[in-house]
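Peer 1:
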Amino acid sequence: MAAVGRGVATRSIHQALGEVGHGGRSSVSGLRVALFGATGFLGRYVANELGQVGSTVSLANRGCEMETRHLRPMFDLGNLALYFYSARDDDSIREVIADSDVVINMIGKHYETKHLAPVDKNGKLNLLRGSNINYPFEEVNMAIPAKLAKISKEMGVEKFVHVSALAADILSPSEQYRTKFLGEQAVRAEFPEAIIVKPATLFGHEDRFLNWQGEIGMRPFPGVPMLEDGRGLVQPVYVGDVAKAIVKMLEDGGSGAFQGATLELAGPAEFTRKEIMEFVTDITISGKPPIPLPEKILSLLATAASILPEPYLTPDEVKRWGVDEVLDPNTDAITLQQLGIDPMPIEKVAFQYLHRFRKGGHFVYTEGYHENEGRNVNDPSSPIRSVAGNRPFV
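With the working numbering, letter number 267 in the sequence shown gets 469, and the count goes up by one each step, no holes.
1. Sort 314, 493, 308 by Cα distance to residue 364 and report the nearest one.
2. How far does the beta strand (DSSP E) with residue 466 in it reach, from first residue to last?
3. Out of 551, 482, 381, 472, state which residue places its alpha-carbon closest to the alpha-carbon of residue 531.
4. Hey, out of 417, 440, 534, whose CA is closest to residue 401's CA?
5. Alpha helix (DSSP H) containing residue 476: first to last residue?
6. Between the C-alpha atoms of residue 321 and residue 351, what's the straight-line distance to the nearest angstrom?
7. For the segment 440-450 against the segment 471-487, are there 3 or more C-beta pairs whose distance is under 8 Å?
8. Does the pairing of the segment 376-389 with the segment 414-421 give three or more beta-carbon distances under 8 Å?
9. What do you get for residue 554, buried or exposed, if any count of 16 or more other CB atoms within 10 angstroms of its CB means buried?
10. In or out: residue 354 buried (at least 16 other Cβ within 10 Å) or exposed?
11. Do you know offhand how far residue 563's Cα is from residue 300's?
12. Output needed for residue 500: all residues of its chain with C-beta closer than 7 Å, excluding positions within five of it in sequence on either side, in chain order.
13. Which term fits residue 272, buried or exposed, when burial requires 16 or more other beta carbons within 10 angstroms of its beta carbon?
14. Identify the continuous beta strand (DSSP E) that holds residue 284 and give its terminal residues.
15. For residue 262, collect the residues of the same chain with a Cβ closer than 6 Å to its Cβ; drop the 5 residues on either side in sequence, then sort them by chain order.
16. With DSSP as the reference, please indicate the residues paired to residue 440 in a beta bridge.
17. List the whole-angstrom C-beta distance separating residue 349 from residue 335, where the pair is believed to meet the contact cut-off of C-beta under 8 Å.
18. What separation, rounded to the nearest whole angstrom, lies between the Cα atoms of residue 539 and residue 545?
19. Please list the terminal residues of the continuous beta strand (DSSP E) segment that includes residue 509.
20. Indicate the three-state DSSP secondary structure (helix, strand or coil) for residue 262 in the structure shown.
21. Would residue 276 be called buried (16 or more neighbouring beta carbons within 10 Å of its own) or exposed?
22. Go ahead and pull the three-state DSSP assignment for residue 450.
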């Protein structure tokens, strides 16, 4: 918020509970946080929220140092420490956690990462009995979170935050969601006061949810594959809202009010997957409609795509498309509204990063970036419409 004094505009900066100093990134929040999985989609937003209030962060990275390059400007000088670690090396994990009071685990992947060739348990080449799976869902979603929780407890960490999924269920047909549920149980077994965060499908500028369809629409395919009739329900939540909720869990003034809490975070509205796909098609003006495919055929296509190092579709993902990912209206868990966060509608954000998929670029279809903003978006004859058909997205 801008204030004017003696003709000079100044900006008031939000200060978190317990924060001292000049405010913003050049202050001291008192939070000492170890982040695992910070190089991922959600991780960068959580890192930014922590940096905005002057938190001291130890960031774990198991890859190249270039993978953390975009995170450095989020912190003032001296507030970010980078550590190389392996999830299979306990000592390297302890080094990351050593100076932290809070540990946040956001490790996850939408597919099981692979080796180039089958190897045995010792990492040696074994073409006959080896496996090319590097990190299976069981290890990523169960074993690693449990290990982090156990080490955190042993080292006297005050708060442990574990990010799971809203659709996590022991009976889920998806191995990803089934192991996510078991991972929650494993974390609580090692760290009973752990805070479990269960977001719905995330959307945002770097997401895979909407960008995936935009990418597919640019390929020489007649349309975008859709499971059956696309009746599966989703309640997408903005990634920035989830990051804010996570940081709010840490700003309790030492009261421990959120210890052992479960958060279920979802957006303001439910949509079928078909509605979402039509929404993306309208924004990108790709002319690539969703093509309904039986689960068996789509699974076969996904199996073929899984050969790629970074598959654009997997059989387990096909199963996830058939699972409703919506918030239970009778949930006892903490929601965004209870935290004072007004969920961001998908229509307000999606256009900002999906218009780049328009053939020829955005300005081929409009005279100016803001000149036609909001014009005719509710007109039934307009080729562009919002998800619900009556809500503008620009």
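Positions of the beta carbon are idealized from the N, C-alpha and C atoms, including for glycine. Since the model is a prediction, treat every value here as computed from it, not as a measurement.
Peer 2: Judging by the given coordinates:
1. The option with the nearest alpha carbon to residue 364 is 308.
2. In the DSSP assignment, residue 466 falls within the unbroken beta strand (DSSP E) covering 464-467.
3. Measuring from the Cα of residue 531, the nearest candidate turns out to be 472.
4. Ranking 417, 440, 534 by Cα distance to residue 401 puts 440 first.
5. Start and end: 475-486.
6. Answer to the nearest angstrom: the Cα atoms are 29 Å apart.
7. No, the segment 440-450 is not in contact with the segment 471-487.
8. Three or more Cβ pairs closer than 8 Å define a contact, and the segment 376-389 falls short of that threshold against the segment 414-421.
9. Residue 554 is exposed by the Cβ-count criterion.
10. Around the beta-carbon of residue 354, 16 or more other beta-carbon atoms lie within 10 Å, marking it buried.
11. Their Cα atoms are separated by approximately 49 Å.
12. Once the five neighbours on either side are set aside, the close Cβ partners of residue 500 are 427, 429, 520.
13. Exposure of residue 272 is indicated by the presence of fewer than 16 other C-beta atoms within 10 angstroms of its C-beta.
14. Element bounds for residue 284: 282-286.
15. The residues are 238, 285, 287, 298.
16. According to DSSP, residue 440 shares a beta bridge with 405.
17. That pair is no contact at about 19 Å.
18. Rounded to the nearest angstrom, the two C-alpha atoms are 8 Å apart.
19. For residue 509, there is no enclosing beta strand (DSSP E), as DSSP gives it neither H nor E.
20. Strand.
21. The Cβ neighbour count for residue 276, taken over all protein chains shown within 10 Å, is at least 16; the residue is labelled buried.
22. Here residue 450 carries a helix assignment [DSSP, helix/strand/coil].
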